[in-house]
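Participant: If you read the sequence shown in this note's numbering, its first letter stands for residue 248, the second for the next number, and so on. Glycine included, each C-beta is placed from N, C-alpha and C at the ideal position. Got a structure for you, written out below as structure tokens; questions coming shortly.
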Amino acid sequence: MRDFYEILEVKRESTQTEIKSQYRKLAKKYHPDLNPGDEEAAEHFKEVNIAYEVLSDEKKRQMYDAYGEDGINGNAGSYGGGFGDIFGDIFDMFGQGFGGFGGYSEAEYKNRPIKGDDVRVDIIIDFRESIFGAKKDINVKRTETCKTCNGEGTAPGTHKHTCDKCNGTGKIRTATSSPFGRFTQVSACDKCKGTGEIIDTPCPDCKGHGTRVVNKKITIDVPKGIDDKMILTLREEGDAGLNGGPAGDLYVYVRVKEDQIFKRMGNDLYLELPITYTDAVLGGSIKVPTLTKLVDYDIPSGTKSGTTFRIKGEGVPYLRKDGKGDLVFKVDIHVPKKISDEEREILEELRKKEGKEIKKERETFFDKVKKFFE
């Protein structure tokens with residue numbers, strides 16, 4: 248076995264108060280009732296009790312400190328004499344004395360109200376629905392309290408009775424011998440599955456479970472401004488609780504389809520807007536699409552391709568509060584692949600005039616380059 252001090256996770260100079268406090272913590276952590284079917288936890292539980300049986304007794308502790316386990320084994324008359332006090336502490340812990348089950352006694356704990364499991368549903372909504380909000384019908388697969396038996400699990404006119412194997416405790420105590428003495432292991436009753444009660448005639452509708460799996464249609468309100476990958480929470484719309492406990496929650500995971508025009512970043516909208524060459528050169532009013540309408544926007548003359556402009560308050564509504572983000576658009580100068588003869592004549596004339604101006608700019612540019620290398 249490991250060092251007893253290591254098992255209890257205490258130092259060798261720890262006081263009895265510290266040892267007992269740590270023992271209570273570990274005994275609760277590894278108790279079989281809280282770890283049903285976990286053999287590793289059961290083994291830890293045994294080790295914790297053996298270590299505490301030694302270290303809680305000053306005489307045994309002195310022998311252990313001086314000679315290790317050999318000192319204990321050599322003094323068998325004072326070691327392994329039973330674990331009554333230890334298990335008294337444990338059951339105090341799980342009952343009124345320790346409050347380990349949130350104020351429930353050991354007998355009440357198995358029938359305590361238990362909240363139902365949470366349920367997840369995934370939905371896909373359109374881009375405009377995420378902007379303006381929407382009502383959506385969703386199908387939820389969940390458990391609900393059986394109406395036939397009102398959650399009791401028994402057929403109408405019948406009742407549960409106390410388990411005759413565990414006498415209603417839901418626990419089986421098994422005495423085990425070891426080189427260190429005899430001690431008792433507590434496990435869930437295999438006949439009643441730890442409930443302490445037996446159902447002879449199960450409810451025909453829920454088969455004794457007390458709940459039934461149903462497909463429920465629920466209408467949810469998708470708030471305006473919701474974004475992709477956000478989660479909506481609907482309280483107590485999940486699986487039914489047990490023993491009068493509340494239902495679990497329903498989590499709706501939202502995915503938003505992409506839009507062909509707008510891109511969203513936070514509460515701002517972005518778009519690329521094609522404009523004509525003449526609009527870019529001359530400037531003036533252009534039409535800009537928003538979420539609800541076309542608006543006029545004045546761009547300056549000489550606007551370059553890739554220039555961005557911002558329209559305040561034409562973006563996405565803030566989630567559950569007033570105000571909106573902005574609309575940001577980037578202009579892209581459109582160069583036509585085909586032009587008419589008339590357009591060609593105009594552009595040829597323009598090119599002649601532009602050529603003289605560009606020639607001057609080129610000469611100035613190459614003069615700067617020449618000076619750079621001199």
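Among G492, D543, D452 and D474, which one has its Cα closest to the Cα of R359?
Facilitator: Against the sequence shown, residue 359 aligns to sequence position 112. Ranking G492, D543, D452 and D474 by Cα distance to R359 puts G492 first.
Participant: Which partner residues of A422 appear in the DSSP bridge assignment?
Facilitator: Taking the sequence shown and counting its residues from 1, one reaches residue 422 at position 175. BP columns for A422 point to T431.
Participant: Near G572, what residues of its chain come up, given a Cβ to Cβ distance below 6 Å and the 5 sequence neighbours on each side ignored?
Facilitator: Position 325 of the sequence shown, counted from the start, is the residue given in the question as residue 572. Closer than 6 Å at Cβ, skipping near neighbours: N514, D515, G562 and V563.
Participant: What do you reckon, are the CB atoms on P279 and S434 nearer than 7 Å?
Facilitator: In the sequence shown, the residue the question calls residue 279 occupies position 32. In the sequence shown, the residue the question calls residue 434 occupies position 187. In contact: P279 and S434 (Cβ atoms closer than 7 Å).
Participant: If you follow the beta strand (DSSP E) that H581 is part of, which residue opens it and which one closes it?
Facilitator: Counted from its first residue, the sequence shown places residue 581 at position 334. L574 to H581 is the span of the beta strand (DSSP E), which, as asked, contains H581.
Participant: Which one or two residues does DSSP pair with L481 in a beta bridge?
Facilitator: As a first step, residue 481 is located in the sequence shown; it is residue number 234 there, counting from the start. Note: L481 sits in a beta bridge opposite L497.
Participant: Quick check: the stretch 440–450 against the stretch 394–414, are at least 3 beta-carbon pairs closer than 8 Å?
Facilitator: Result yes; three or more Cβ-Cβ pairs closer than 8 Å.
Participant: Would you decide whether L597 is buried or exposed? Buried here means 16 or more other CB atoms lie within 10 Å of its CB.
Facilitator: In the sequence shown, the residue the question calls residue 597 occupies position 350. So L597 ends up on the exposed side.
Participant: How long is the line joining the alpha carbons of K362 and G495, rounded to whole angstroms?
Facilitator: Mapped onto the sequence shown, residue 362 falls at position 115. Mapped onto the sequence shown, residue 495 falls at position 248. Using only the alpha carbons, I get a separation of about 6 Å.
Participant: Of all the options D526, V501, R591 and G553, which has the alpha carbon lying nearest to the alpha carbon of L479?
Facilitator: Stepping through the sequence shown from its first residue, residue 479 is reached at position 232. When each option's Cα is compared against that of L479, the closest is V501.
Participant: Contact defined as beta carbons within less than 8 Å: I believe F292 pairs with Y277. What is the distance between those atoms, to the nearest angstrom?
Facilitator: Walking along the sequence shown from the start, residue 292 turns up at place 45. Walking along the sequence shown from the start, residue 277 turns up at place 30. Yes, they are in contact, since the Cβ atoms of F292 and Y277 sit about 4 Å apart, within 8 Å.
Participant: Just how far apart, CA to CA, sit T409 and C436?
Facilitator: Locating residue 409 in the sequence shown gives position 162, where the first residue counts as 1. Locating residue 436 in the sequence shown gives position 189, where the first residue counts as 1. Going by the C-alpha atoms only, they are around 12 Å apart.
Participant: Between the Cα of D506 and the Cα atoms of T537, Y252, F430 and K600, which residue gives the shortest distance?
Facilitator: Residue numbering aside, residue 506 sits at position 259 when the sequence shown is read from its first letter. Ranking T537, Y252, F430 and K600 by Cα distance to D506 puts T537 first.
Participant: Do three or more CB pairs link the stretch 520–538 to the stretch 470–478 at distances below 8 Å?
Facilitator: Taking 8 Å as the limit for Cβ pairs, the verdict is that the stretch 470–478 does not touch the stretch 520–538.
Participant: Tell me where the beta strand (DSSP E) around E519 begins and ends.
Facilitator: The residue labelled residue 519 in the question sits at position 272 within the sequence shown. From DSSP, the beta strand (DSSP E) with E519 extends over D515 to T523.
Participant: Would you report the Cα separation of D526 and D569, rounded to the nearest angstrom?
Facilitator: Position 279 of the sequence shown holds residue 526. Position 322 of the sequence shown holds residue 569. If you take the alpha carbons of D526 and D569, they lie about 36 Å apart.
Participant: Span of the beta strand (DSSP E) holding L541?
Facilitator: The count along the sequence shown starts at 1 and reaches residue 541 at position 294. Unbroken beta strand (DSSP E) run through L541: L541 to I546.
Participant: Can you give me the Cβ contacts of L481 inside the same chain, cut-off strictly under 6 Å, excluding the 5 residues immediately before and after it?
Facilitator: Here residue 481 corresponds to residue number 234 of the sequence shown, with the count starting at 1. Excluding residues within five positions, the ones whose Cβ falls inside 6 Å are L497.
Participant: Using 7 Å as the threshold, is the C-beta distance between T442 and D384 below it?
Facilitator: Here residue 442 is taken as the residue at index 195 of the sequence shown, counted from 1. Here residue 384 is taken as the residue at index 137 of the sequence shown, counted from 1. No.
Participant: Does D486 pass the burial test, meaning 16 or more other C-beta atoms within 10 Å, or should it be called exposed?
Facilitator: As a first step, residue 486 must be located in the sequence shown, where it is residue number 239. Buried: at least 16 other Cβ atoms inside 10 Å.
Participant: Tell whether a beta-carbon distance below 7 Å holds between F379 and K504.
Facilitator: Against the sequence shown, residue 379 aligns to sequence position 132. Against the sequence shown, residue 504 aligns to sequence position 257. Result no, Cβ atoms of F379 and K504 do not sit closer than 7 Å.
Participant: Using only CA atoms, which one of G553, L529 and T539 lies nearest to D545?
Facilitator: Here residue 545 is taken as the residue at index 298 of the sequence shown, counted from 1. Looking at the Cα atoms, L529 is the closest of the given residues.
Participant: Taking only the alpha-carbon atoms, compute the straight-line gap between L520 and V366 and give it to the nearest angstrom.
Facilitator: Position 273 of the sequence shown, counted from the start, is the residue given in the question as residue 520. Position 119 of the sequence shown, counted from the start, is the residue given in the question as residue 366. If I take the Cα positions, the gap works out to 43 Å.
Participant: Assign E484 to buried or exposed, taking buried as 16 or more other Cβ atoms, counted over all protein chains shown, within 10 Å of its Cβ.
Facilitator: Working through the sequence shown from its first residue, we reach residue 484 at position 237. With 16 or more Cβ atoms within 10 Å of its Cβ, E484 is classed as buried.
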